[in-house]
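Working notes, structure below.
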C-alpha cells in the first residue's frame, strides 16, 4: 500500500479480520510489493516456521488526480536527480524502451499489439478495470492513435491507475491437500533480484557485467528479471522456459516493458524478439499466452496489490477456475500445468519471478 | 585487581555541520500546516462519507558526502567523482567505487566538462502535475564527459522530433541568481552549429504525436 493517509493501515485490517495475537508485518517494495510479499510468505512456509500465511495488498490511487498520482509514484525514483526534471515512470520507461526497440529492431506496432492484447483479454474478466470502465475491444491502430504519453509510449501502451485489493493464502502443501485437495497449486520456484534505482547507472555496471556480459544490462534490459527468473527456473527444474511454461501473468506496466520482460525471461533473444512479437506468440492463440487475465493494462495496477492479483490469476488458470472466474473459456489456457508470475518495481529496480504448477 | 583502564575512543564519522544562513524560495502561499481535516462530503443517498485530510510538511534532504555536486550547481559546475584505484568516473556521483575489487574505495571529486552526448531520449507529452505546463518535454539520459553512467535532464532548443542518439550537447545553467542547488539548475542544449538530420518517417511520426500536446497545454489554466 503506497497511497496512504495512514501509516501501517495493515494493523487495522489485521485487527478487523480477528487476527489479533498472530504475527503481521508490512512488505513494501514498490511495484514488486505483491511479489515480494509472496516471496516472504513462500520462504516462511518453506522454512517450516508457518503453515498458513495470508497476504493482502491494496491501493487507493483514485484518492488523487492521475498527474498527482504519477508524480507521487515517481517519488520512488531518485528524487535528487530525476523527479524534478519532468521525470515520471512512463517517461523513464519510454527513454529505456526507445533505445531497446532500436537495438532489437522492434517497431511501435509490435509492442502496440501487447497493449491491445491485454485490454482485449480483460474484456473476458468481469473484475477488470478495463471491462468495468472503458469496456471495449481495441485494435493495434487504436493503440497507435491514442495520445502521446512519452514517445514511443502512448496512452494505450500504459497500465491503468487503480483502486484495488487482492488477497492470497500461501500454505504448506499438506494443509492445501486437507482444505482444497483438487484445486491448489504449488510454488515450485521463486527468485528475487535487484538493480540500480536510476536506470542511467546500468550502462556497464560491474555487478552485472561480471555476472553476464560487458555493457549489460544497459538502460534497456531488465537484469533483475533475468536473474530472478534464472533463480526460479533452477529451483523448479526448468531448462527451456518457452517449452516448459504454459502461460504467464507478468508486469505489463507498459506494453514496451512486457516485451522487454519476454527477453529477460529467456523467451526470445535480440535476434528473435521482433519476430516473436509479430508471431503473436503471447496472445491467447500463441505458444505462451501472457496476461490472459488482462494484466496491469487491462485488469489494473493497484501497485501494492498487483503482484498478488497476478498470482491469483495464475492460480485460477492452474486450478481450472477460469470458466467460473472469467466470462468464458476464451481466456483459459487449456490444460495449463505450469505458469510464471512476474512482479516488477521501479525502472526494473526490484523484480521477482515465481513458477507455479498445478497441485498433484 | 589492578590494571590499566583502557578507554577506546570512537572514531568520529563526521563533524556535526553548523548552518547559519538559510536561503528560502518557497512560494508565499505554501504553509507547512501539518495534518488537518479540511472538509467532508456525504453521498446523496446519505450512505457514504468522504473526509478530506490535508498533509503538508517540509522535508530536509541532507546531501552529506554528495553535497559537492549540489553546491557545484550553485556555482555553475558539474561535479563528478572518480575512483583513485580504477579511475571510473561518475555523474551522478558515487561516494564509493562500485567495483568490489576496489573495496568500496572512497571516491574523489572532479569538475566535469560542460559537454555531453545523448545516450537515449524520449519526448514526453504527459507528466506529473508540476510539469504539465512545460510539455512537451524532451527528456534525455546523457553521458557527461567520460562518466560511466548517464544522467537524466531536459534537452532544450530543439524540435522534439529532431533528437538523435549520440548527438553532442552542451550544458547550460540558469543565471546564477536563479539557481537553487538542484538538478533543475541546468539543462542540455545541442552544441553550437549542430544541425539535425533531414525529416524522415520516424520524425514525421513524432511530430504528429507531439502537435496535439502543444494545443492541449494552451488550454491549461
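Chains as they are written, first to last, in the numbering used here: chain A, 1 to 360; chain B, 361 to 581.
The C-beta atom is built at its ideal place from N, Cα and C for all residues, glycine as well.
Computed from a prediction, not measured in an experiment: that's the story for all the values here.
Relative to the C-alpha of residue i, which candidate in the options has its C-alpha closest?
{"i": "residue 527/B", "options": "503/B, 540/B and 543/B", "result": "503/B"}
{"i": "residue 413/B", "options": "396/B, 427/B, 565/B and 426/B", "result": "396/B"}
{"i": "residue 237/A", "options": "63/A, 60/A, 41/A and 357/A", "result": "357/A"}
{"i": "residue 458/B", "options": "210/A, 183/A and 75/A", "result": "210/A"}
{"i": "residue 485/B", "options": "364/B, 577/B and 378/B", "result": "577/B"}
{"i": "residue 132/A", "options": "349/A, 300/A and 318/A", "result": "300/A"}
{"i": "residue 382/B", "options": "420/B, 551/B and 516/B", "result": "420/B"}
{"i": "residue 184/A", "options": "338/A, 248/A, 267/A and 9/A", "result": "338/A"}
{"i": "residue 353/A", "options": "219/A, 191/A and 258/A", "result": "191/A"}
{"i": "residue 4/A", "options": "277/A, 302/A, 79/A and 176/A", "result": "302/A"}
{"i": "residue 204/A", "options": "193/A, 186/A, 223/A and 188/A", "result": "223/A"}
{"i": "residue 481/B", "options": "501/B, 465/B and 573/B", "result": "501/B"}
{"i": "residue 347/A", "options": "45/A, 42/A, 36/A and 73/A", "result": "73/A"}
{"i": "residue 60/A", "options": "290/A, 163/A, 298/A and 263/A", "result": "163/A"}
{"i": "residue 89/A", "options": "487/B, 447/B, 474/B and 426/B", "result": "487/B"}
{"i": "residue 476/B", "options": "510/B, 376/B and 557/B", "result": "510/B"}
{"i": "residue 198/A", "options": "93/A, 277/A and 235/A", "result": "93/A"}
{"i": "residue 543/B", "options": "424/B, 374/B, 415/B and 452/B", "result": "452/B"}
{"i": "residue 78/A", "options": "247/A, 329/A, 235/A and 196/A", "result": "196/A"}
{"i": "residue 123/A", "options": "145/A, 297/A, 230/A and 102/A", "result": "297/A"}
{"i": "residue 447/B", "options": "466/B, 401/B, 559/B and 438/B", "result": "466/B"}
Compute the distance between the beta-carbons of residue i and residue j, then report whether it is under 8 Å.
{"i": "residue 418/B", "j": "residue 541/B", "result": "no"}
{"i": "residue 547/B", "j": "residue 532/B", "result": "yes"}
{"i": "residue 252/A", "j": "residue 118/A", "result": "yes"}
{"i": "residue 507/B", "j": "residue 440/B", "result": "yes"}
{"i": "residue 496/B", "j": "residue 478/B", "result": "no"}
{"i": "residue 113/A", "j": "residue 85/A", "result": "no"}
{"i": "residue 154/A", "j": "residue 143/A", "result": "yes"}
{"i": "residue 29/A", "j": "residue 257/A", "result": "no"}
{"i": "residue 288/A", "j": "residue 324/A", "result": "no"}
{"i": "residue 11/A", "j": "residue 304/A", "result": "no"}
{"i": "residue 165/A", "j": "residue 55/A", "result": "no"}
{"i": "residue 445/A", "j": "residue 512/B", "result": "Summary: the structure shown does not reach residue 445/A, with chain A confined to residues 1 through 360, and so no result is reported for it."}
{"i": "residue 187/A", "j": "residue 265/A", "result": "no"}
{"i": "residue 505/B", "j": "residue 473/B", "result": "yes"}
{"i": "residue 259/A", "j": "residue 64/A", "result": "no"}
Let me see if you follow: with CB-CB separation under 8 Å, is residue i close to chain A or not?
{"i": "residue 569/B", "result": "yes"}
{"i": "residue 422/B", "result": "no"}
{"i": "residue 474/B", "result": "no"}
{"i": "residue 557/B", "result": "no"}
{"i": "residue 539/B", "result": "no"}
{"i": "residue 542/B", "result": "yes"}
{"i": "residue 452/B", "result": "yes"}
Going along chain B in order, which residues have a C-beta closer than 8 Å to the C-beta of residue i?
{"i": "residue 26/A", "result": "By Cβ distance, chain B contributes nothing, its closest Cβ being about 19 Å from residue 26/A, past 8 Å."}
{"i": "residue 74/A", "result": "488"}
Which chain B residues sit within Cβ distance under 9 Å of residue i?
{"i": "residue 147/A", "result": "485, 486, 569, 572, 573 and 576"}
{"i": "residue 205/A", "result": "458, 508 and 509"}
{"i": "residue 71/A", "result": "487, 488, 489, 490 and 491"}
{"i": "residue 67/A", "result": "486, 487, 488, 489, 490, 491 and 492"}
Which partner residues of residue i appear in the DSSP bridge assignment?
{"i": "residue 411/B", "result": "400/B"}
{"i": "residue 478/B", "result": "502/B"}
{"i": "residue 148/A", "result": "154/A"}
{"i": "residue 496/B", "result": "Answer is none; residue 496/B lacks a bridge partner."}
{"i": "residue 344/A", "result": "351/A"}
{"i": "residue 131/A", "result": "Its beta-bridge partners do not exist; DSSP assigns none."}
{"i": "residue 442/B", "result": "449/B and 468/B"}
{"i": "residue 416/B", "result": "394/B"}
{"i": "residue 528/B", "result": "477/B"}
{"i": "residue 58/A", "result": "165/A"}
{"i": "residue 422/B", "result": "Per DSSP, none; premise fails for residue 422/B."}
{"i": "residue 248/A", "result": "290/A and 340/A"}
{"i": "residue 484/B", "result": "150/A and 497/B"}
Cβ closer than 9 Å: which chain A residues qualify as neighbours of residue i?
{"i": "residue 551/B", "result": "What residue 551/B touches in chain A: nothing, since even the nearest Cβ is about 20 Å away."}
{"i": "residue 388/B", "result": "Within chain A, no residue comes near residue 388/B; the closest Cβ sits about 20 Å away, beyond 9 Å."}
Kindly indicate if chain B contains any beta-carbon less than 8 Å away from that of residue i.
{"i": "residue 165/A", "result": "no"}
{"i": "residue 260/A", "result": "no"}
{"i": "residue 187/A", "result": "no"}
{"i": "residue 275/A", "result": "no"}
Could you name the residues of chain B that residue i contacts, counting a contact when the two beta carbons are closer than 7 Å?
{"i": "residue 82/A", "result": "512"}
{"i": "residue 151/A", "result": "482, 483, 566 and 569"}
What in chain A is Cβ-close to residue i, meaning under 7 Å?
{"i": "residue 481/B", "result": "95 and 98"}
Residue i touches chain A at which residues, Cβ-Cβ below 8 Å?
{"i": "residue 579/B", "result": "Correct list: empty, because the minimum Cβ distance to chain A is about 14 Å."}
{"i": "residue 413/B", "result": "5"}
{"i": "residue 497/B", "result": "86 and 91"}
Less than 7 Å separating the Cβ of residue i from some heavy atom of the ligand FMN?
{"i": "residue 498/B", "result": "The ligand content of the structure shown is nil, which means the ligand FMN is not present either."}
Given that residue i touches chain D, what residues does it touch there, using C-beta distances under 8 Å?
{"i": "residue 501/B", "result": "The chain labelled as chain D is not found among the protein chains of the depicted structure, namely A and B."}
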